[in-house]
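Here is the structure we will look at.
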Amino acid sequence: MSKTTIQQGLVFGPPPRNILLAIFTFCIISTFTSLLEIIQIIRDTYQNRLTSLFGRITNCLTLWFEDVPLLTLNLLIVICRDGEVTYISLAKAIIGIIAALIRFLFILLNKWLIRHDYHRKDNLSQFFNTISTIGIIIVLLLSISIHTIASLPIDSFGRIHLARPSDFTRFKFAHQKYFNHVGLFLRSSNDYNKFIYLTNIDNIIEKGQKTFIYSINEKDNIYCIKQDNQTCFIEYNSTNIYLYNKQLTNKLINYSITFQFKEPDFYYLLGDINYNIIRCDLKNFYISDDKISLHYYRFKRNVNDIRLPFMLNNDNNTYRYYDIQNDFEPIQYVWKTGLSRCTSTSSSSPHRSQDIQMNDCF
């Protein structure tokens, strides 16, 4: 599938569909206004005059039905993105603002100060000149706003993040803002509000790839997680789960889950986490997303820092599942983006990819 816009990755996804449709609509309109301008230029050139009333009307239409709407839509996108205070972004901002100022001055001078093709302008011409001038002022303000906001990173508290351009990196800034204490969890097959902890997403980003073995015996309610060493638990009920240190006499079904970090690029602003999964004894067996469901959540501040597959109870002897209500902040709340803290359009879970090569279960 061809990609023409930002894809769903970590934190950021494509702009809302209604904005994309609006941009597409105004791009079609701009095609017609551009044709009108071409006709106007040819007509005025043929008649050997600077700009006719028809030319003023087409200029006005171009400003109000092309420039203003498209810049407004771009502003709506920019306020939902994190700015970058780098030398390149600052140079782009300065060039963009200077270009907007030059255009503003050129149109202003052309319409009001240096025109000599008419000694007397009629009321209709004055009207369209005034409307066009208001439009170019709005275009100037929108252009300055877009380029300024694009160079202002906003931290998780809504404050401008001040840093030297030489010290700023988008990914480091995003890590501090979005990834701290965000874990990757496996949903319980018995209760959609209960989860088993696997790892923090920082670990996958740092290592590039991590593999887990998730083992389950549904009959006896035994669950095991293995990364380096295997840890098993037995569930008596959702709030009373114990470490299981006995020899495993009943057969476990083993699933190998490999996570892989996709580096940031044009389509994935902060990269993405992909995963693949196989059942160790039946490698061609398809595992539905409902059977093994993975999600991102951030731990609440009152949750202890001991990161185990199950939450340790206060008695320090029993465990329980991690719970959505008590232990997590929803990732949609955590990943509020940009100056206006827009709701993230990314995914709340890693993406499954058959392209990840699976090694034998270890």
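For the sequence shown, the tail end lands on 361 under numbering that gives the first Met the number 0, and the numbers increase by one without skipping. In this text, a Cβ means the ideal position worked out from N, Cα and C, and glycines have one as well.
message = By the DSSP assignment, the alpha helix (DSSP H) with residue 395 in it spans what residues?
response = Outside the displayed span of the chain (0 to 361) sits residue 395, for which this structure offers no information.
request  = Determine the direct distance from the alpha carbon of residue 328 to that of residue 319, and round the result to whole angstroms.
outcome  = Rounded to whole angstroms, the gap between the alpha carbons of residue 319 and residue 328 is 18 Å.
task = Determine the DSSP secondary structure at residue 79, reduced to helix, strand or coil.
result = coil
Distance, residue 277 Cα to residue 285 Cα = 8 Å
key: For residue 350 and residue 17, the rounded distance between their alpha carbons   = 24 Å
inquiry  = If I follow the unbroken alpha helix (DSSP H) through residue 128, where does it start and stop?
reply    = Run containing residue 128: 122-148, per the alpha helix (DSSP H) assignment.
task = Express the C-alpha separation of residue 295 and residue 255 in angstroms, rounding to a whole number.
result = 19 Å
key: Extent of the continuous beta strand (DSSP E) to which residue 190 belongs   = No beta strand (DSSP E) holds residue 190; DSSP gives it neither H nor E.
request  = Using the DSSP secondary-structure output, state which residues sit across from residue 273 in a beta bridge.
outcome  = 259 and 350
task = Could you tell me whether the stretch 262-269 touches the stretch 211-228, using the rule of 3 or more Cβ pairs below 8 Å?
result = no
Residue 19 (DSSP reduced to helix, strand or coil) = helix
task = Rounded to whole angstroms, what's the CA-CA distance from residue 310 to residue 179? Just pull it up for me.
result = So the two alpha carbons sit approximately 19 Å from each other.
query = In terms of alpha-carbon separation, which member of 192, 151 and 209 lies closest to residue 198?
reply = 209
query = Going by DSSP, which residues form a beta bridge with residue 281?
reply = Answer by DSSP bridge pairing, in chain order: 278.
task = Measure how close the beta-carbons of residue 356 and residue 343 come, nearest whole angstrom, since I'm counting them as under 8 Å.
result = 30 Å between Cβ atoms; not a contact.
task = Decide if the stretch 225-239 is in contact with the stretch 120-140; the criterion is three or more beta carbon pairs, one per stretch, under 8 Å apart.
result = no
request  = Rank 303, 257 and 290 by C-alpha distance to the C-alpha of residue 352 and give the top, closest one.
outcome  = 257
query = Counting Cβ pairs, one atom from each stretch, are 3 or more of them under 8 Å apart for the stretch 94-111 and the stretch 177-192?
reply = no
ask   = DSSP on residue 65, reduced to helix/strand/coil?
value = Three-state DSSP puts residue 65 in a helix.
ask   = With a Cβ-Cβ cutoff of 8 Å, do residue 26 and residue 131 count as a contact?
value = no
task = Take residue 317 as the anchor and find which of 307, 324, 251 and 290 has the nearest alpha-carbon.
result = The shortest C-alpha to C-alpha distance from residue 317 to any of 307, 324, 251 and 290 is the one to 307.
ask   = Among 225, 68, 183 and 346, which one has its Cα closest to the Cα of residue 267?
value = 346
message = Quick check: residue 185 and residue 272, are their CB atoms within less than 8 Å of each other?
response = no
C-alpha distance - residue 39 paired with residue 28, whole-angstrom precision = Each residue's Cα considered, the two are about 17 Å apart.
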